[in-house]
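Chains A and B, in that order, give the protein sequences. Quick note on numbering: the working numbering labels position 235 of the first sequence as 235, and the sequence is numbered without any gaps. Numbers in the working numbering are just positions in the second sequence, counted from 1, shifted up by 481. Backbone N, C-alpha and C define an ideal beta-carbon position, used for all residues, glycine too.
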Amino acid sequence: MAVQETVETVEETGKYKYGFTTDIESELAPKGLSEDIVRFISAKKDEPEWMLEWRLDAYRRWLTMEEPTWAMVDYPKIDFQDLHYYAAPKEMEKLNSLDEVDPKLLETYEKLGIPLNEQMLLAGVAVDAVFDSVSVVTTFKEKLAEVGVIFCPFSEAVREHPELVKKYLGSVVPKSDNYYATLNSAVFSDGSFVYIPKGVRCPMELSTYFRINEANTGQFERTLIIAEEGSYVSYLEGCTAPQRDENQLHAAVVELVTMDDAEIKYSTVQNWYPGDEDGKGGIYNFVTKRGDCRGARSKISWTQVETGSAITWKYPSCILRGEGSVGEFYSIAISNNYQQVDSGTKMIHLGKNTSSRIISKGISAGRSTSTYRGLVSVHRKADGVRNFTQCDSLLIGDQCAAHTVPYIESNNPTAIMEHEATTSKISEDQLFYCRQRGLGEEDAVALLVNGFCRDVLQQLPMEFAVEAQKLVAISLEGSVG
Amino acid sequence: MLEIKDLHVEVGGKEILKGLSLTVNAGEVHAIMGPNGAGKSTLAYFMAGREGYKHISGSVTYKGQNLLDMAIEERASAGVFLAFQYPIEIPGVTTMTFLKTAVNAQRKARGEEELDAVRFLKLVRVKAKALNISDDMLRRPLNVGFSGGEKKRAETLQMSLLEPALAVLDETDSGLDIDALKIVAEGVNALRSPDRAMIVITHYQRLLDYIVPDKVHVLSNGRVVRSGGKELAMELEETGYGEISASAAQ
Ligand SMILES: Nc1ncnc2c1ncn2[C@@H]1O[C@H](COP(=O)(O)OP(=O)(O)OP(=O)(O)O)[C@@H](O)[C@H]1O
Ligand SMILES: [Mg+2]
């Protein structure tokens, strides 16, 4: 158990405005990872036997695996025994309405700029807020239930919709997919579950807010979204964490499934604490996100704005199985100071006439490095595949680096692939021109960078696009002059 | 408004402005003419604060302040505007967004209330219409793929929105067809007022038929070699710069 002090208010935290901690009593699992811890987590969640077995199986596989080293990131070895694998705000477990939520928690969310009340309804956003390991409250569940949409914490789905969870969990990202995904499968604590029934267009944006509060805690969410035939949902995920000197681990798994003619639009605004100017602290963000376009003409679209984390290792991908299905990846990755980003996407074309579109905008400042790693693969039997890839890098200053690593594996001669890549710098002339019109240097850089990212920002839902633009400006503070 | 005294400026290790003096009072429009390479753009850029220009000696005083002490954006907010001879492309930033950001940045710097989207939109529409700038152009990234004439009109639009106290127009007439020239000139004339001053750099006497200057200066080899009324422009049209420059060199 740990009692944290609210040391800084939002205003006082300076550069990273989400760096405050919340003074709240937590229940922590003892440090370290073992079968007992896996059982402990499962018991905490009141899970059925099959879920526990699933976790244990993953845990045993994880023990035999090795941490990947192929990404262009560099960090001290993580001691997986020095982490807490479960942290929950105390007395938070069985909640029926917002009134029962600890006011301090609600205050935290307010500081984060997500008012967790009726305002959300006005904004048309339903929020599932995950605080450390536990999903605190899901708003507007009833309104969604009217049209048959299920939107609930993952742990609740395990208890109340076991047939759906059993059917789809691990069907996109298998238990043994990769080191971090397997770890997640063993110890995932919570996350969101979404089910959109046949023919339903989800009446509001769904949104999950992740926040790591507790020190030395790993956060392992699990998100599963299923869109049945002809349905549509737009989902947004936002993330922040307090400012701490030690590094924190975040290893999430997201699985998306679309049936015939269904569409999922998944947007992420990731603003985990990136560490300070000297590279101290920050989140290690090792995430496995994958969508399976199972049905014909279905579509999965990933849009991400990555400004946070000390290290990002993330490749939202699409398996284009259904005939004529479409995968999209729009990404803005900004790295500053000592941040390291290795991100990109994989488009796996299995079905005929499938198409994919990749627009990646990498912005590097300070001493950061940013790598785009993309794979487009075309199966032997997939005729008529099309891919368009555009990777643009923008460098600010001369101590940062950007790399583009595109892999193309085409086993079918009918595939049409287009690839464009550019690397540019903000020119002195552009800065001078903007400043001559009255913009300060940092505002000028922010404007130019937002212009550079325009194609991707346009993909975000309106209200988040505005937020993202501000975030672009904040994350580049101090990068010029 | 503006007083430049014996200004010496180096670019790339070479002295380009060699003892230039110029005084412009509020309410006046001055035309600067002169051969290619004389230093006209250098003067304009230097006043705006562009990097790469080395101040050797002399002074530039704007509204009683040392202009050279001010940062680029401070000069802008204080009312110094430069219409570029070669406007810069700003990819991904629509003309509309750029204009709004600029106007509000200056308002903020001056402690004025920023304009909201609705009020700004109204204002732009009126000004753009006067300059024959279409909504479509306002939605395109600033200067990207604009024709030469469109760029110059966009510069004029920025000026008319920012309402500077001292506007320096560097060959804003170059590349304009005759209709556009009239439109731009009208835009400039609309800004003429007792508390504004303008410096119009041009190669063509024709522009001065529409923007009638109070004074005309000939800049040659880094100095003002002759000043006069608008009839000086006519004279230049006939004789060229050769004689004036030659007599000044002696
Ligand atoms: N960065 C530089 N390095 C070296 N010389 C420069 C540089 N910039 C300008 N010059 C020189 O300074 C001189 C003045 O240039 P400037 O652009 O001021 O002329 P101008 O009078 O505006 O000419 P134009 O009528 O052709 O526009 C020219 O000889 C030019 O080559
Ligand atoms: Mg010039």
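Continuous beta strand (DSSP E) stretch holding residue i: start and end
i, result
"residue 585(B)", "Looking at the DSSP string, residue 585(B) is not in any beta strand (DSSP E); the run it does join, the alpha helix (DSSP H), is 576 to 590."
"residue 323(A)", "Looking at the DSSP string, residue 323(A) is not in any beta strand (DSSP E), and its letter there is neither H nor E."
"residue 490(B)", "483 to 492"
"residue 675(B)", "Run containing residue 675(B): none; DSSP gives neither H nor E here."
"residue 146(A)", "Element bounds for residue 146(A): not the beta strand (DSSP E) but the alpha helix (DSSP H), 141 to 146."
"residue 452(A)", "Residue 452(A) -> not in any beta strand (DSSP E); alpha helix (DSSP H) instead, spanning 441 to 452."
Check whether residue i and residue j have beta carbons under 8 Å apart
i, j, result
"residue 456(A)", "residue 312(A)", "no"
"residue 336(A)", "residue 366(A)", "yes"
"residue 698(B)", "residue 503(B)", "yes"
"residue 549(B)", "residue 536(B)", "yes"
"residue 378(A)", "residue 410(A)", "yes"
"residue 206(A)", "residue 235(A)", "yes"
"residue 370(A)", "residue 391(A)", "no"
"residue 652(B)", "residue 566(B)", "yes"
"residue 320(A)", "residue 354(A)", "yes"
"residue 426(A)", "residue 417(A)", "no"
"residue 700(B)", "residue 515(B)", "yes"
"residue 193(A)", "residue 221(A)", "no"
"residue 315(A)", "residue 345(A)", "yes"
"residue 296(A)", "residue 180(A)", "no"
"residue 260(A)", "residue 301(A)", "no"
"residue 45(A)", "residue 158(A)", "yes"
Residues sharing a beta bridge with residue i, DSSP
i, result
"residue 417(A)", "387(A)"
"residue 179(A)", "Per DSSP, none; premise fails for residue 179(A)."
"residue 330(A)", "303(A), 359(A)"
"residue 697(B)", "512(B), 709(B)"
"residue 318(A)", "291(A), 347(A)"
"residue 547(B)", "542(B)"
"residue 501(B)", "488(B)"
"residue 30(A)", "DSSP lists no partner for residue 30(A)."
"residue 535(B)", "491(B)"
"residue 402(A)", "370(A)"
beta-carbon residue i near ligand 4 non-hydrogen atom, thresh 7 Å
i, result
"residue 566(B)", "For ligand 4, the structure offers nothing, since it holds only ligand 1 and ligand 2."
Residue i Cβ short of 7 Å to ligand 2 heavy atom set
i, result
"residue 651(B)", "yes"
"residue 655(B)", "no"
"residue 495(B)", "no"
"residue 521(B)", "yes"
Any chain D beta carbon closer than 8 Å to residue i
i, result
"residue 563(B)", "Of the chains in the structure shown, none is chain D; the protein chains are A and B."
heavy atom of ligand 1 below 7 Å from residue i C-beta
i, result
"residue 533(B)", "yes"
"residue 723(B)", "no"
"residue 592(B)", "no"
"residue 492(B)", "yes"
"residue 438(A)", "no"
"residue 238(A)", "no"
"residue 517(B)", "yes"
Range covered by the alpha helix (DSSP H) that runs through residue i
i, result
"residue 663(B)", "659 to 672"
"residue 553(B)", "553 to 558"
"residue 56(A)", "49 to 63"
"residue 381(A)", "Unbroken run through residue 381(A): none, as it is neither H nor E."
"residue 628(B)", "First-last for residue 628(B): undefined, no H or E at that position."
Under 8 Å by beta carbon: chain A residues contacting residue i
i, result
"residue 712(B)", "Those within 8 Å of residue 712(B) in chain A number zero; the least Cβ separation is about 33 Å."
"residue 558(B)", "438"
Beta-carbon neighbours of residue i, restricted to chain B and to distances below 8 Å
i, result
"residue 429(A)", "569"
"residue 230(A)", "Chain B residues near residue 230(A): none, gap ~34 Å exceeds 8 Å."
"residue 191(A)", "Ordered by position in chain B, no residue passes the 8 Å Cβ test against residue 191(A), which lies about 35 Å from the chain."
"residue 476(A)", "By Cβ distance, chain B contributes nothing, its closest Cβ being about 15 Å from residue 476(A), past 8 Å."
"residue 324(A)", "Per Cβ cutoff of 8 Å: no residues; residue 324(A) is ~31 Å from chain B at best."
Under 9 Å by beta carbon: chain B residues contacting residue i
i, result
"residue 432(A)", "526, 529, 530, 531, 532, 553, 569"
"residue 454(A)", "572, 573, 574, 575, 622"
"residue 295(A)", "Under the 9 Å cutoff, chain B gives no residues; its nearest Cβ is about 35 Å from residue 295(A)."
"residue 327(A)", "Near residue 327(A) there are no residues of chain B at all, since even the closest Cβ is about 24 Å away, more than 9 Å."
Cross-chain neighbours of residue i in chain A, by beta carbon under 7 Å
i, result
"residue 583(B)", "437, 438, 439"
"residue 639(B)", "437"
"residue 590(B)", "438"
Listed by chain order, chain B residues near residue i by CB distance under 7 Å
i, result
"residue 443(A)", "586"
"residue 384(A)", "The contacting residues do not exist; residue 384(A) stays about 32 Å from chain B at best."
"residue 447(A)", "574, 582"
Beta-carbon neighbours of residue i, restricted to chain A and to distances below 9 Å
i, result
"residue 701(B)", "Within 9 Å Cβ-Cβ: nothing; residue 701(B) doesn't reach chain A, min ~26 Å."
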